[in-house]
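As structure tokens, the structure follows; a few thoughts come after it.
Numbering (our numbering), first residue to last: 707 to 1225.
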């Protein structure tokens, strides 16, 4: 027999043996090993796995051998494609894949991972969660946010690529937090967490960034970081904004100051939202109050003090008001340019006239009466301004009595550095009380003029507005300052209204007439 003929016979007999093995006439596992090696064998295995008449466990075993011994994870989906019960076959394979993940052999782990990721594209949605969890547990199960970055980087380098975490969906959240906490693929991981709707993803985002920013000194807080925190829309995000602001505002690097400014602006806007107010109230004592106490007691930033005082009153009520009066720093920094960017008189006026007054007279008045006797300058000053804001008969009597009684030496202390008066100098506490009494009298006189029809409602509104913002002005200085500004405001509003209506706007009082066309 020629050599060529002998070779043909051998090939024929081998093929016959493989086909016979598919019919159960030899050891199935031996056939599975033969089939794992080439294209023709993969076709034979597909026929075997696709035949529902064959035992499910044996079909799954064929796939196991294809992956584990044959090293062909990429062929699993091709081999199982023809099986009408493909889902059952793939699920039956998973216990074997779990054993491969547990195998110390990194290559076998990689093969199992490949098959499991491919399964995510083949299994129905209601069967995917367990597969994602299996991958996530293998990839991240022995890691924590407290591990050193080097260990996490080393482990993940052989387990999962950053872009693969998206396929894990909610089951990948815990792993994503671990990665983010060490700055591994930060932008991609942040994007993944932002797109997840589960509350745990939002918390992982904030906590992951918090740990990353504290990982080492001088970690840059980027606008992308801040935007991601804002998109989380959870109380922890707001708390972390305030933390970042307090941490970075004292920094010397321009990036730190820029990040601090963005954080505080976003935090203030956040606190104005209705849902945020509900969350702050629910978690006030435990989480938010300590943060705002720190701001209230700031040694270096007077704007922070007022924000802290505002929140203490809004959420702490009468007790918060008492605390704010007692704990605002008693120094002369309030009106100094280096301590505040905002007008201190405006801050005081709005705190008293809005936040404090809204608590109710019955709550506020006893606190104010006690504060008027305080040894702390800032406390007495605010007591005078908040008494003025009450504006009733008792408030007027209190201010007149305070101004008329021979004051102790402390009430003769010049408070100019605190209020920074523009139209007067050498203002003492008793002067402030006397001016407050005159302001209440002026407010009442303005109401009377309006009721008699001698001035219109808009004039009444704006005279009262500006009078409420005056501090030390008295007599003609008070009247002139208030009425000049009120008249100008009324005229400007009238001109805007007429312009919006299409008519020619009337010139403001004292303004030169508009030139004729062409002049």
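All residues carry an ideal CB built from backbone N, CA and C; glycine is no exception.
Item	Value
For residue 1120, list the residues DSSP reports as bridge partners.	1134
Taking C-alpha atoms, which residue in 834, 844 and 1021 lies nearest to residue 809?	844
With a cut-off of 8 Å on the beta carbons, I'd call residue 796 and residue 825 a contact; round off their distance for me.	5 Å
Whose CA, out of 1205, 1079 and 1066, lies closest to the CA of residue 1020?	1066
On the three-state DSSP scale, how would you describe residue 904?	coil
For residue 1182, which of 1145, 789, 1193 and 1166 has the nearest alpha-carbon?	1145
If we count Cβ pairs, one from each stretch, closer than 8 Å, do we get three or more for the segment 1143-1163 versus the segment 1096-1103?	yes
Is residue 925 buried or exposed, if buried means 16 or more other CB atoms sit within 10 Å of its CB?	exposed
When the Cα atoms are used, what is the spatial distance from residue 870 to residue 829?	17 Å
In angstroms with no decimal places, state the Cα-to-Cα distance between residue 855 and residue 888.	6 Å
Look up residue 917 in the DSSP assignment and say whether it is helix, strand or coil.	helix
Are there 16 or more other CB atoms within 10 angstroms of the CB of residue 749, so buried, or fewer, so exposed?	exposed
Rounded to a whole number of angstroms, what is the C-alpha to C-alpha distance between residue 834 and residue 791?	16 Å
Are at least three pairs of beta-carbons, each pair with one atom in the segment 1164-1172 and one in the segment 1134-1143, less than 8 Å apart?	no
What does the alpha-carbon distance come out to for the pair residue 928 and residue 965?	7 Å
Taking Cβ positions, are residue 1041 and residue 1126 nearer each other than 8 Å?	yes
Would you identify the three-state DSSP class for residue 1161, choosing helix, strand or coil?	coil
By the DSSP assignment, the alpha helix (DSSP H) with residue 1183 in it spans what residues?	1181-1206
Where does residue 787 sit, in a helix, a strand or coil, going by DSSP?	coil
Could you check what DSSP says for residue 1142 in three-state terms: helix, strand or coil?	helix
What did DSSP end up calling residue 1167 once you bin it into helix, strand or coil?	helix
Within 10 angstroms of the Cβ of residue 725, are there 16 or more other Cβ atoms? Answer buried if so, exposed if not.	A caution first: residue 725 carries a pLDDT of 43, below 50, which makes its placement in the model too unreliable to give a value.
With a threshold of 7 Å on Cβ separation, who are the neighbours of residue 1170 within its own chain once the five nearest residues in sequence on each side are excluded?	1149 and 1152
Quick one: what does DSSP say residue 1005 is sitting in, helix, strand or coil?	coil
With DSSP run on the structure shown, which of helix, strand or coil describes residue 1126?	coil
Three or more beta-carbon pairs under 8 Å between the segment 856-870 and the segment 888-902, yes or no?	yes
Based on Cα-Cα distance, which residue from 875, 873 and 881 lies nearest to residue 853?	881
Is it the case that the segment 1045-1053 contacts the segment 975-991, given that we only count it when at least three CB pairs across the two stretches are under 8 Å?	no
My assumption, with CB atoms under 8 Å, is that residue 1095 sits in contact with residue 1062. Please give the rounded CB distance.	7 Å
In this structure, how does DSSP classify residue 727 when only helix, strand and coil are distinguished?	Any reading at residue 727 is ruled out, since the residue's pLDDT is 44, under 50, leaving its predicted position unreliable.
Ignoring anything shorter than 4 residues or poking outside the segment 926-1002, list the alpha helix (DSSP H) runs there in chain order.	929-938, 941-954, 960-977, 980-988 and 995-1002
Which word fits residue 1267, buried or exposed, when buried means at least 16 other C-beta atoms lie within 10 angstroms of its C-beta?	Lying before the first or after the last residue shown, residue 1267 is absent from the chain, which here runs from 707 to 1225.
Please return the same chain residues whose Cβ sits closer than 6 Å to the Cβ of residue 1207, not counting the five positions on each side in sequence.	none
Once you ignore the five residues that flank residue 777 on each side, which residues in its own chain have a CB closer than 6 Å to its CB?	none
So residue 911 packs on residue 934, CB below 8 Å; how close in whole Å?	6 Å
I need the DSSP call for residue 1085, collapsed to helix, strand or coil.	helix
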